[in-house]
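For the sequence shown, my numbering assigns the number 23 to the initial residue and increments by one for each residue that follows.
In this text, a Cβ means the ideal position worked out from N, Cα and C, and glycines have one as well.
None of these values were measured; they are calculated from a predicted model.
A short write-up of the structure that comes next.
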Amino acid sequence: MKSLAGAAAKRLAFETLGWLLVVAGIAAMVLPGPGLLMLFGGLAVLSRQYAWARRYVEPVRLRALRGAAEGVETWPRIILSTLGALSIAAVGVVFLISPPAPHWWPLEATFWLLGGAWTGVTLLGSCAIALGVLAYSYKRFHNHPDARHQLDEDIEHSGEMNKVA
């Protein structure tokens with residue numbers, strides 16, 4: 023009986039993690055963060071239980087890789103991506119330092135920098151992830167047209183597979 027309860031708890035934990043990653047990934051597509059990567063991670067976790075999630079794992083993974091490849095195609099993109107990640111880190115540091123509300127702040131001081139230090143920590147974590155993805159993308163795709171070509175072929179083949187399925 024204990025193993026059945028343990029299995030149920032494990033399944034619930036994985037499902038919760040999967041759905042949190044899916045929701046966070048969708049949100050991160052418009053907010054700062056690696057949206058497609060989180061969506062891929064959530065689908066990968068959910069694919070352990072759901073056939074519909076298994077169908078989307080590979081296409082989402084390939085599109086996340088394409089986004090990573092496009093982000094390092096030119097030096098202006100690399101520089102802007104790096105500056106964007108460092109900007110997120112700078113905001114995270116502000117949250118960690120937690121300066122008092124400025125005189126122009128129109129609301130109560132308690133509404134200044136909502137989330138506190140944990141928001142700063144998560145922003146620094148997002149920066150670290152973004153810089154790691156940028157470094158990986160640079161190593162794998164920058165000045166490697168064969169890798170980009172193979173990725174494009176994989177995406178095209180994945181699209182054909184989805185039409186059949």
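query                                                                                                                              : result
Where does F133 land, buried or exposed, given buried means 16+ other C-beta within 10 angstroms?                                  : exposed
If we ignore side chains and look at the alpha-carbon of each, how far apart do A187 and H166 end up?                              : Because the pLDDT at A187 is just 47, under 50, the model does not fix this residue reliably, and the value given afterwards should be weighed accordingly. Near 32 Å, if we compare the C-alpha coordinates of H166 and A187.
So, does the segment 97–112 touch the segment 73–82, judging by three or more C-beta pairs under 8 Å?                              : no
Put H125 into one of helix, strand or coil per three-state DSSP.                                                                   : coil
How about V155 and L59: do their beta carbons lie closer than 8 Å?                                                                 : yes
Once the 5 residues before and after W41 are set aside, which same chain residues still bring their CB inside 8 Å of it?           : G64 and L68
Below 7 Å CB to CB, which residues in the same chain sit around R76 once its five sequence neighbours on both sides are set aside? : S69
What's the call for H179, buried or exposed, on a 16-neighbour Cβ count within 10 Å?                                               : exposed
For the candidate residues V143, G93 and G137, whose alpha-carbon lies nearest to that of V115?                                    : V143
Nearest-angstrom Cα distance between Y160 and A50?                                                                                 : 21 Å
Determine the contact status of G138 and F117, defining contact as a CB-CB distance below 8 Å.                                     : yes
Helix, strand or coil for T141, going by three-state DSSP, please let me know.                                                     : helix
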